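In our numbering, the protein residues as written are 9 to 243.
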Amino acid sequence: MTSSSPAEDEGTPVSVKIRERILAARKRFHANDNISEFLQPGELEKLLDEVEEKMQGVLDSMVIDTENDHNTDTTARRVAKMYLREVFGGRYVPQPVLTEFPNAERLNELMIVGPITVRSACSHHLVPVIGKVWIGIMPNEHTNVIGLSKYARLAEWVMNRPQIQEEAVVQLADLIQDKTHPDGLAIVMQATHYCMAWRGVKDMDSKMINSVMRGVFLKDPNLRREFLSLIPMKD
């Protein structure tokens, strides 16, 4: 295979370079995947420029006069920044650094963290999914203890990607399970989906609730009931 010259490489869109690295590594790059390991220094800014250019094309195709409309003359740049640095930032930045501590006191009682407000986006229409998450942990003497704020950081990192709620909760559960190794893990998420509230049936009151139960939460119905009874969910 012949290598491209520096001039040819300079003309290659940065998204193509990133995609080629991912394909070479035989990794997935779905909407809810983190691809930060495949970005080189400075490429996120170049990707922002590329998304801005293509977003401007979308506005042009929607017949919006961005040259003369003062409300939309910088919309393409604003949307590019919003997607890459904010609402979909969980795809492009590494996992938050976690400080882990051994369970020195051998804690083995139910711990619940929440409600954690989470903001995501439906991967079908790229409109908001906004809700709350509750996390239940049943530690053991070998469980790694992490700070309460770190659960919120991990939830934010996972949720800030286009996805569906069912997969997001499983992804978050897998991550916390891997970091803490508890005897049991339970996660419940309740969210409003704006693909139903803002468009489609336009039902503002509809919510989706789903859960993941692992370990003793799955095996012990009494523990599961205790966890669910302590979650102050509201309509």
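Using N, Cα and C, we set each Cβ at its ideal position, and we do this for glycine too. Just so it is clear, the structure is predicted and the values come from calculations on it, not from any experiment.
Beta-bridge partners of K140, as assigned by DSSP: Position 132 of the sequence shown holds residue 140. According to DSSP, K140 bridges with T125 and Q198.
Touch test, the region 176 to 196 against the region 215 to 225, Cβ-Cβ under 8 angstroms, three pairs minimum: yes
Straight-line gap, E28 to E149 (C-alpha atoms, nearest Å): Locating residue 28 in the sequence shown gives position 20, counting from the first residue. Locating residue 149 in the sequence shown gives position 141, counting from the first residue. Approximately 44 angstroms, taken between the alpha carbons.
Distance between A129 and D228 (C-alpha atoms, nearest Å): What you label residue 228 is simply residue 220 of the sequence shown in a count that begins at 1. What you label residue 129 is simply residue 121 of the sequence shown in a count that begins at 1. Answer to the nearest angstrom: the Cα atoms are 33 angstroms apart.
Residues that S131 bridges to, as DSSP identifies them: The sequence position of residue 131 within the sequence shown is 123, counting from 1. Partner(s): none; S131 has no beta bridge.
Element boundaries [alpha helix (DSSP H), containing I8]: It is not possible to answer for residue 8, since the shown part of the chain is limited to 9 through 243.
Coarse secondary structure for R222, derived from DSSP in three states: As a working mapping, residue 222 is identified with position 214 in the sequence shown. Strand.
Distance CB(L55)-CB(V22) smaller than 7 angstroms: Along the sequence shown, read from residue 1 onward, the residue named residue 55 stands at position 47. Along the sequence shown, read from residue 1 onward, the residue named residue 22 stands at position 14. Yes, they are a contact pair.
For I124 and A160, the rounded distance between their alpha carbons: Here residue 160 refers to the residue found at position 152 of the sequence shown. Here residue 124 refers to the residue found at position 116 of the sequence shown. Distance between the alpha carbons of A160 and I124: 6 angstroms.
Residue interval of the beta strand (DSSP E) (run including N40): If you number the sequence shown from 1, residue 40 lands on position 32. From DSSP, N40 is part of no beta strand (DSSP E); its letter is neither H nor E.
V101 vs S157 beta-carbon contact at 7 angstroms: Start at 1 with the first residue of the sequence shown, and residue 101 comes out as number 93. Start at 1 with the first residue of the sequence shown, and residue 157 comes out as number 149. No, the Cβ-Cβ distance between V101 and S157 is not below 7 angstroms.
Spatially closest choice to P147 from G223, E58 and E164, by CA coordinates: As a first step, residue 147 is located in the sequence shown; it is residue number 139 there, counting from the start. That would be G223, whose Cα lies nearest to the Cα of P147.
Closest by C-alpha distance to T151, when choosing among D186, G208, T83 and Q173: Numbered from its first residue, the sequence shown carries residue 151 at position 143. Answer by Cα proximity: D186.
Assigned secondary structure, I26 (DSSP; H/G/I helix, E/B strand, else coil): Position 18 of the sequence shown holds residue 26. In the three-state DSSP reduction, I26 falls in the helix class (H, G or I).
Same chain, Cβ closer than 7 angstroms to P136, five either side skipped, listed in chain order: The sequence position of residue 136 within the sequence shown is 128, counting from 1. Around P136: R127, A129 and Y202.
Range covered by the beta strand (DSSP E) that runs through N230: The residue you call residue 230 lines up with position 222 of the sequence shown. Counting along the chain, N230 falls outside any beta strand (DSSP E), though it belongs to the alpha helix (DSSP H) covering P229 to S237.
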